[in-house]
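Following numbering that gives the first Met the number 0, the numbering of the sequence shown begins with 0 at its first residue and continues without gaps.
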Amino acid sequence: MLNKDSSGSSRSINMGELPHGAANPINGAPQDTVSSRIRGLKRENRGRPGQASQTPGESRSMAHMFTPLAGKRVIDLTHVLAGPYVTHILRQLGADVIKIERPGTGDVMRAGRPGQSPPGLGPQFIGLNAGKRSLALDIKDRRGQDILRRLIADADVLVENLRPGELRRLKFDYDTLSATNPGLVYCSVSGWGQSGAFADRAGYDQAIQAATGVMMMQGEPGEPPLKVGFPAIDIATGMNGACAVLSALLERQRTGKGCRIDVAMADSALMLMIGPTATWTVGRIPGERFGNRSLASSPTSGVFATADGWLSVAANTPEQGYRALEIIGQPALRHDPRFALAGSKGGFFVVADLDGARAAFAAGLRQGTADHWETAFNAAGIASAKIRTIDGYLDGAYRQTPGILHRIDAQPGYDRPIETPGAGFRVNDVAAGVAEPAPRLGADSRTVLLELGLSPDEIVELDRDKVVQMT
């Protein structure tokens, strides 16, 4: 995500305002001893897959987990959601992710709802940043910039989501950094891409949904636009970015060279809507709004009211549709003129009177409970689910699935075990991901600086001058 000011207009992100903002370098500042020390450091071996030494940021338990990115270092210059989701996936696959944050406040996502979470450790921040390391670093300061350059010089990946052009003005652009680190995979996340007429526009999920047609794919025909209820474009962008980084790392194995990746939220929205996108670009057919009805135009598929709640049923083919009529105790409807087959649409259950047939099916469902119908339809091989809240699912039906959540017993700020999402899939019957807590702001500043070779006295100096923050 990108920032706007209180009036809603786009503005640049200032390095002193956010952990990875965009102020101009301090030209002509006198050379200081810490900067000299950083520039003269000898590159240290972090360890690589197959080595006996433990990589910084790698827990001992990771040796028994699916961690294909172990030994890879990622510099995380992202905040809010889309960018951090890229680095979340990379961390969950074993990479050492160093999250650069502004001293004092850090990522704005640290702020949870007042009174509902520990200060600086909001639930969404924890979900997005579990297992990462936090370096609170003021990169408006010349010494902070030198530290960042040193980190990037030894990194495999850099991910950023600042306004396009901001890092170039600071000489942290791909061309500059790849001159000293040719293997660097440099991933930029933005609303509209790094070039083009809209590159300078702020990019927020809601605005991207509006601009790309997502809101006009939701809701009922003739009704006002409706946004997806969670930041779907942010998440799709994060997945797209992670896929791009993984692909670039594979390509680097072949060529030995890194690359520059441009991930735009607007492009990710089109990929999320690949069906409607292709329907227009190939068939010149505008997208349709189906609301809670099935895209298959089947009267026995969609969302329906029951005696005590709501139910989703996906009886899309004629065979499934007629079977669904038997399940609700109305087999005679098969011979009702409303349910007569009317041509073929890819094998779907297309009937003579869609609205009338749907109303008859809906009337039958109102005679039973959502739990009853869910069990009955699934027993007959028809996909069906009671409409649940996310907490209802996580505390109920989810517990009967293999699952992808990881239990964390020692999350700072919480006096009970918590669970966070891992990589989102399972490998060899185990949920992929790293079961580690999210960091307090600056929790790893000292460790990272020591790894760079700074002395304790130099770190104290940086802390005193508020260039870094220690927890």
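Just so it is clear, CB atoms sit at the ideal spot from N, CA and C, and this is done for glycine as well. Predicted, not measured: the structure shown is a model, and the values here were computed from it.
Which of helix, strand or coil DSSP assigns to residue i
i: residue 468; result: strand
i: residue 283; result: coil
i: residue 420; result: strand
i: residue 204; result: helix
i: residue 439; result: coil
i: residue 461; result: helix
i: residue 303; result: strand
i: residue 92; result: coil
i: residue 292; result: strand
i: residue 326; result: helix
i: residue 472; result: In the structure displayed, the chain extends from 0 to 470; residue 472 sits before or after that span and is not available.
i: residue 454; result: coil
i: residue 448; result: helix
i: residue 161; result: coil
i: residue 80; result: coil
i: residue 433; result: coil
i: residue 69; result: coil
i: residue 277; result: helix
i: residue 271; result: helix
i: residue 176; result: helix
i: residue 109; result: helix
i: residue 425; result: strand
i: residue 331; result: helix
i: residue 169; result: coil
Residue from the options whose Cα sits closest to the Cα of residue i
i: residue 232; options: 251, 190, 218; result: 190
i: residue 442; options: 454, 412, 400, 423; result: 412
i: residue 73; options: 64, 149, 423; result: 149
i: residue 209; options: 269, 111, 324, 304; result: 269
i: residue 223; options: 288, 207, 298, 279; result: 288
i: residue 421; options: 429, 433, 427, 415; result: 433
i: residue 449; options: 218, 134, 83; result: 134
i: residue 372; options: 416, 415, 322; result: 322
i: residue 226; options: 214, 220, 236, 219; result: 214
i: residue 130; options: 145, 458, 89, 324; result: 89
i: residue 267; options: 467, 176, 82, 392; result: 82
i: residue 119; options: 228, 100, 136; result: 100
i: residue 333; options: 312, 313, 359; result: 359
i: residue 124; options: 456, 460, 419; result: 419
i: residue 478; options: 318, 335, 417; result: Summary: the structure shown does not reach residue 478, with the chain confined to residues 0 through 470, and so no result is reported for it.
With 16 other Cβ atoms within 10 Å as the buried cut-off, status of residue i
i: residue 472; result: Residue 472 is absent from the model: the chain starts at 0 and stops at 470.
i: residue 256; result: exposed
i: residue 23; result: Only weak support exists for where residue 23 lies, its pLDDT of 32 falling under 50; the value from the coordinates is given anyway. Under this definition residue 23 is an exposed residue.
i: residue 296; result: buried
i: residue 239; result: buried
i: residue 159; result: buried
i: residue 435; result: buried
i: residue 128; result: buried
i: residue 169; result: buried
i: residue 187; result: buried
i: residue 37; result: For residue 37, the pLDDT reaches just 43, beneath the cut-off of 50, and the residue's location in the model is therefore unreliable, although a value from the coordinates is still provided. Label assigned to residue 37: buried.
i: residue 444; result: buried
i: residue 253; result: exposed
i: residue 184; result: buried
i: residue 249; result: exposed
i: residue 258; result: buried
i: residue 273; result: exposed
i: residue 325; result: exposed
i: residue 142; result: buried
i: residue 466; result: buried
i: residue 176; result: buried
Residues near residue i in its chain [Cβ-Cβ closer than 6 Å; skip 5 each side]
i: residue 386; result: 309
i: residue 193; result: 163, 187, 261
i: residue 39; result: Residue placement at residue 39 cannot be trusted, given a pLDDT of 39 that sits under 50; what the coordinates show is reported in the next sentence. Excluding residues within five positions, none has a Cβ falling inside 6 Å.
i: residue 94; result: 68, 71, 73
i: residue 293; result: 300, 301
i: residue 65; result: 426, 431
i: residue 303; result: 310, 361, 364
Cβ neighbours of residue i in the same chain (closer than 8 Å, five flanking residues each side left out)
i: residue 179; result: 152
Same chain, Cβ closer than 7 Å to residue i, neighbours up to 5 away in sequence not counted
i: residue 110; result: 121
i: residue 104; result: none
i: residue 251; result: 182, 184, 257
i: residue 382; result: 313
i: residue 330; result: 324
Cutoff 7 Å: residue i Cβ touching any chain D Cβ
i: residue 129; result: Here chain D cannot be found, since the structure has a single protein chain.
Q. At what residue ranges does the region 349 to 416 contain a whole run of the alpha helix (DSSP H), taking only runs of 4 or more?
A. With a minimum length of 4 residues, the unbroken runs of alpha helix (DSSP H) contained wholly in the region 349 to 416 fall at 353 to 364, 369 to 378, 389 to 393.
In chain order, which beta strand (DSSP E) runs of at least 3 residues are fully inside the region 115 to 154? If only uninterrupted beta strand (DSSP E) runs of at least 3 residues are considered, those enclosed by the region 115 to 154 are 132 to 136.
What ranges does the beta strand (DSSP E) occupy inside the region 187 to 265, keeping only unbroken runs of at least 3 residues that lie completely in it? You should have 258 to 263.
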